[in-house]
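**Student:** Read top to bottom, the protein sequences are chains D and F.
First residue of the first sequence: 9, per this note's numbering; consecutive thereafter.
First residue of the second sequence: 9, per this note's numbering; consecutive thereafter.
My questions will all concern the structure given below.
2 protein chains.
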Amino acid sequence: MPLLMLKDLPRYECLLEAVRRHPDLDPSACEAYLNLLRAGDEAYQRSENFLSKHDMSPGRFTVMMLLYDKMAGKAIPTTPADLADKAGVTRATITGLVDTLERDGLVVREHDPRDRRMMLVHLTPQGVSTLESILPGHFQQMAQQMAPLSQDERRTLVRLLNKLIGAPLPAAAVEAEPAAAAAHHS
Amino acid sequence: MPLLMLKDLPRYECLLEAVRRHPDLDPSACEAYLNLLRAGDEAYQRSENFLSKHDMSPGRFTVMMLLYDKMAGKAIPTTPADLADKAGVTRATITGLVDTLERDGLVVREHDPRDRRMMLVHLTPQGVSTLESILPGHFQQMAQQMAPLSQDERRTLVRLLNKLIGAPLPAAAVEAEPAAAAAHHS
DNA sequence: AAGCAATGATTAGCCTCCTAATTAGTTCCT
DNA sequence: AGGAACTAATTAGGAGGCTAATCATTGCTT
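Spelled out as structure tokens, the structure:
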């Protein structure tokens, strides 16, 4: 949830004024950027707030969703490394999340019999039923958050956001950074 | 930076398929929601990444910006409570951030002479110059992130996001309220 | 067959955020 | 004047991120 942002976004006129002292400031970019962060943060926090009522955090929920076979309602055994990869966090983070999920009886770890370096994590029956008790509310919650937009507006929003997602940064201009972070070496 | 989300967003067909088992799922809402979170997170992380090169975090940066008089380039003394309020975090969080900023010589704390319960935090000259050395890059960074969108698209995006920001939640339905989905009482 | 590099998971230590409890100082009320 | 109630800031402890270092197992190489 940790965003930490301005509670009140600056008005557009203020941005225009600020350009006088800061010629690098692009008012329309800044406005779009701040609103994007604000909207994303708000959506995130609302979900987090919903999940917390079920003793769940976004991280825990994500892990459980990854272990859950949506169609069959079954548990899929998965390695921590795979979970980390799919969730987009480090393995160390997965270790911590699985620790608490296991403590709460929602998942179990066991050694992969073929390669004892690996663990296999999967939902317990209790984990499955807990997850299934949360999902309907979670879906409703998403639907409510997007309720202010019509189908058409949602399509437009998705189209615009997709222009931003994964857009390659000019990299050179962001900072003198030769071939480091943007490279394909994750 | 802590978001923890699916690295690969589900394709729309998958969402349609999932509706079969989960009737509460609204595919277009879900798609819009996931893309919003993804785009917001990506923008946030890029900024965080930029700031970290200057030994700065979003939290530290926000505090410094709040202490900075944009027009005059001066330091504005502010109480921790006021900072917490404007930044949208708790006072305890501000205490921690100001601790490290003070340790690094970027801000100073002093007692308010009128009311010794209160502290006044303000930027040091070093804090001002550090901030001013970061700002141009920060502004460029925002501009680059929004570069894929035209002026018109930015306006549209802001308009759509504003429909979401601060939209009142039906509240009743978000709470644990299973069957009565259609009934919105307030 | 023994050693060494690679791979998977964990641990350790740090940061930012939270809530709840504590400490310090002010104000208000007889 | 002396407490009671309030308000500001901090501390304590927890969660979830991160990176870097460590431990365990595998498998390759000689």
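From the three backbone atoms N, C-alpha and C, an ideal C-beta is built for every residue, glycine too.
1) By how many angstroms is the C-alpha of F/Leu114 removed from the C-alpha of D/Ala89?
2) Going along the chain, which residues of its own chain have a beta-carbon closer than 7 angstroms to the beta-carbon of F/Thr103, five neighbours each way excluded?
3) Could you say which of F/Leu128, F/Leu23, F/Arg19 and F/Met150 lies nearest to F/Leu59 if we only look at CA atoms?
4) Check for me: the alpha helix (DSSP H) holding D/Val136 runs from which residue to which?
5) Can the beta-carbon of F/Ala51 be found closer than 8 angstroms to that of F/Gln153?
6) Measure from the C-beta of F/Ala47 to each C-beta in chain D and report whether the shortest distance is under 8 angstroms.
7) Any beta carbon from chain F within less than 8 angstroms of D/Pro36's own beta carbon?
8) Determine, using beta carbons only, whether F/Arg29 and D/Lys82 come nearer to each other than 8 angstroms.
9) Comparing alpha-carbon positions, which option in D/Ser137, D/Lys94 and D/Arg68 lies nearest D/Arg111?
10) Taking the alpha carbon of D/Ile173 as the reference point, which residue from F/Leu143, F/Ala40 and F/Asp120 has its own alpha carbon closest?
11) If you run the structure through DSSP and keep just helix, strand and coil, what is D/Asp160?
12) Go through the stretch 92 to 123 of chain F residue by residue and report every complete run of the beta strand (DSSP E) that reaches 3 residues or more, in order.
13) I'd like to know if the stretch 164 to 172 of chain D and the stretch 153 to 173 of chain F are in contact, where contact means that at least 3 CB-CB pairs between them fall below 8 angstroms.
14) Given a cut-off of 8 angstroms, decide if F/Leu44 and D/Ala47 are closer than it, judged by their beta-carbon atoms.
15) At a Cβ threshold of 8 angstroms, is D/Lys171 touching chain F?
16) What does the alpha-carbon distance come out to for the pair F/Leu139 and D/Leu91?
17) Could you pull the start and end residues of the alpha helix (DSSP H) that D/Ala47 belongs to?
18) Comparing the C-beta of F/Pro144 with each C-beta of chain D, is any distance below 8 angstroms?
19) Does the distance from the C-beta atom of F/Val71 to that of F/Val106 stay below 8 angstroms?
20) Counting only beta-carbon atoms, is F/Leu91 nearer than 8 angstroms to chain D?
21) Return the residue from the list D/Phe147, D/Arg117, D/Asp63 and D/Pro156 that minimises the CA-CA distance to F/Leu33.
22) On the DSSP bridge assignment, give the partners of D/Lys82 in chain order.
23) I'd like to confirm the pairing. Which residues does DSSP put opposite F/Leu169 in its beta bridges?
24) Between the C-alpha atoms of D/Ala175 and D/Thr108, what's the straight-line distance to the nearest angstrom?
25) Would you kindly work out how many angstroms separate the C-alpha atoms of F/Lys94 and F/Tyr76, rounded to a whole number?
26) Are the C-beta of F/Leu100 and some C-beta of chain D separated by less than 8 angstroms?
27) Counting only beta-carbon separations shorter than 8 angstroms, does D/Val136 have a partner in chain F?
28) How big is the Cα-Cα spacing for F/Leu42 and D/Asp49?
29) Give the DSSP-derived three-state secondary structure of D/Arg28 in the structure shown.
30) Give me the residue from D/Glu25, D/Arg19, D/Val27 and D/Pro85 with the minimum Cα distance to D/Pro121.
31) Here's a check: name, in chain order, each residue in its chain whose Cβ is nearer than 8 angstroms to the Cβ of D/His119, leaving out the five neighbours to either side.
32) Note down, in chain order, every chain F residue with its Cβ under 9 angstroms from the Cβ of D/Ala51.
33) Can you give the beta carbon distance from F/Leu23 to F/Pro35, rounded, assuming they're within the 8 angstroms contact cut?
34) Assuming contact is defined by CB atoms lying nearer than 8 angstroms, are F/Val116 and F/Thr132 in contact in what I supplied?
35) If you draw a straight line from the C-alpha of F/Ser141 to the C-alpha of D/Glu25, how long is it?
36) If you measure beta-carbon to beta-carbon, which residues of the stretch 156 to 167 of chain F are closer than 8 angstroms to chain D?
**Tutor:** If we stick to the structure as given:
1) For the purposes of this step, residue 89 of chain D is identified with residue 81 of the first sequence, where counting begins at 1. For the purposes of this step, residue 114 of chain F is identified with residue 106 of the second sequence, where counting begins at 1. Cα to Cα, the separation comes out at about 40 angstroms.
2) Residue mapping note: residue 103 of chain F aligns to position 95 of the second sequence, counting from 1. Excluding positions up to five away in sequence, the list reads Pro88.
3) Indexing the second sequence from 1 puts residue 59 of chain F at position 51. Of the candidates F/Leu128, F/Leu23, F/Arg19 and F/Met150, the one whose C-alpha sits nearest the C-alpha of F/Leu59 is F/Met150.
4) For this step, residue 136 of chain D is matched to residue 128 along the first sequence. Pro133 to Gln153 is the span of the alpha helix (DSSP H), which, as asked, contains D/Val136.
5) In the second sequence, the residue the question calls residue 51 of chain F occupies position 43. In the second sequence, the residue the question calls residue 153 of chain F occupies position 145. Yes; because the gap between Cβ atoms is below 8 angstroms, this pair is in contact.
6) Here the question's residue 47 of chain F lines up with position 39 in the second sequence. Output row for F/Ala47: interface = yes.
7) Locating residue 36 of chain D in the first sequence gives position 28, where the first residue counts as 1. The residue asked about is misnamed: residue 36 of chain D is Ser in this sequence, not Pro. D/Ser36 counts as touching chain F.
8) As a position in the second sequence, residue 29 of chain F is number 21, starting the count at 1. As a position in the first sequence, residue 82 of chain D is number 74, starting the count at 1. No.
9) Along the first sequence, read from residue 1 onward, the residue named residue 111 of chain D stands at position 103. Comparing Cα-Cα distances from D/Arg111 to each of D/Ser137, D/Lys94 and D/Arg68, the minimum goes to D/Arg68.
10) Position 165 of the first sequence holds residue 173 of chain D. Of the listed residues, the one whose Cα sits closest to D/Ile173 is F/Ala40.
11) Here residue 160 of chain D corresponds to residue number 152 of the first sequence, with the count starting at 1. In this structure, D/Asp160 counts as helix in the three-state DSSP scheme.
12) 115 to 119
13) yes
14) Taking the first residue of the first sequence as 1, we reach residue 47 of chain D at position 39. Taking the first residue of the second sequence as 1, we reach residue 44 of chain F at position 36. Taking 8 angstroms as the Cβ cut-off, D/Ala47 and F/Leu44 qualify as a contacting pair.
15) Along the first sequence, one-based indexing puts residue 171 of chain D at 163. It does; some Cβ of chain F falls within 8 angstroms.
16) If you number the second sequence from 1, residue 139 of chain F lands on position 131. If you number the first sequence from 1, residue 91 of chain D lands on position 83. Rounded to the nearest angstrom, the two C-alpha atoms are 39 angstroms apart.
17) Position 39 of the first sequence, counted from the start, is the residue given in the question as residue 47 of chain D. Taken as a continuous stretch (DSSP letters only), the alpha helix (DSSP H) holding D/Ala47 covers Pro35 to Ser60.
18) Translated into positions along the second sequence, residue 144 of chain F becomes position 136. Answer yes: the Cβ-Cβ gap between F/Pro144 and chain D drops below 8 angstroms somewhere.
19) Here residue 71 of chain F refers to the residue found at position 63 of the second sequence. Here residue 106 of chain F refers to the residue found at position 98 of the second sequence. A contact, by the Cβ cut-off of 8 angstroms.
20) Translated into positions along the second sequence, residue 91 of chain F becomes position 83. No, F/Leu91 does not count as interfacial toward chain D.
21) Locating residue 33 of chain F in the second sequence gives position 25, where the first residue counts as 1. If we check each option's Cα against that of F/Leu33, D/Phe147 comes out closest.
22) Locating residue 82 of chain D in the first sequence gives position 74, where the first residue counts as 1. The partner list for D/Lys82 (beta bridge, DSSP) reads D/Asp77.
23) By one-based count along the second sequence, residue 169 of chain F stands at place 161. Its beta-bridge partners do not exist; DSSP assigns none.
24) Taking the first sequence and counting its residues from 1, the one referred to as residue 175 of chain D is at position 167. Taking the first sequence and counting its residues from 1, the one referred to as residue 108 of chain D is at position 100. Looking at the two C-alpha atoms, the distance is approximately 36 angstroms.
25) Residue numbering aside, residue 94 of chain F sits at position 86 when the second sequence is read from its first letter. Residue numbering aside, residue 76 of chain F sits at position 68 when the second sequence is read from its first letter. Cα to Cα, F/Lys94 sits roughly 13 angstroms from F/Tyr76.
26) Within the second sequence, numbered from 1, the residue matching residue 100 of chain F stands at position 92. Note on residue identity: the sequence assigns Ala, not Leu, to residue 100 of chain F. No, its Cβ sits nowhere closer than 8 angstroms to a Cβ of chain D.
27) Against the first sequence, residue 136 of chain D aligns to sequence position 128. So, not an interface residue.
28) In the second sequence, the residue the question calls residue 42 of chain F occupies position 34. In the first sequence, the residue the question calls residue 49 of chain D occupies position 41. The straight-line gap from Cα to Cα measures roughly 12 angstroms.
29) For the purposes of this step, residue 28 of chain D is identified with residue 20 of the first sequence, where counting begins at 1. The answer is coil: DSSP assigns D/Arg28 none of H, G, I, E or B.
30) By one-based count along the first sequence, residue 121 of chain D stands at place 113. Closest option to D/Pro121, Cα to Cα, is D/Pro85.
31) Working through the first sequence from its first residue, we reach residue 119 of chain D at position 111. So the list reads Met126, Met127 and Leu128, once near-sequence residues are dropped.
32) Here residue 51 of chain D refers to the residue found at position 43 of the first sequence. Correct list: Tyr41, Leu44, Leu45, Gly48 and Leu172.
33) By 1-based counting over the second sequence, the position of residue 23 of chain F is 15. By 1-based counting over the second sequence, the position of residue 35 of chain F is 27. Rounded, the Cβ-Cβ distance is 4 angstroms, consistent with contact.
34) The residue labelled residue 116 of chain F in the question sits at position 108 within the second sequence. The residue labelled residue 132 of chain F in the question sits at position 124 within the second sequence. Result yes, Cβ atoms of F/Val116 and F/Thr132 sit closer than 8 angstroms.
35) Against the second sequence, residue 141 of chain F aligns to sequence position 133. Against the first sequence, residue 25 of chain D aligns to sequence position 17. Computed Cα separation, rounded: 20 angstroms.
36) Pro156, Leu157, Gln159, Glu161, Arg162, Arg163, Thr164, Leu165 and Val166
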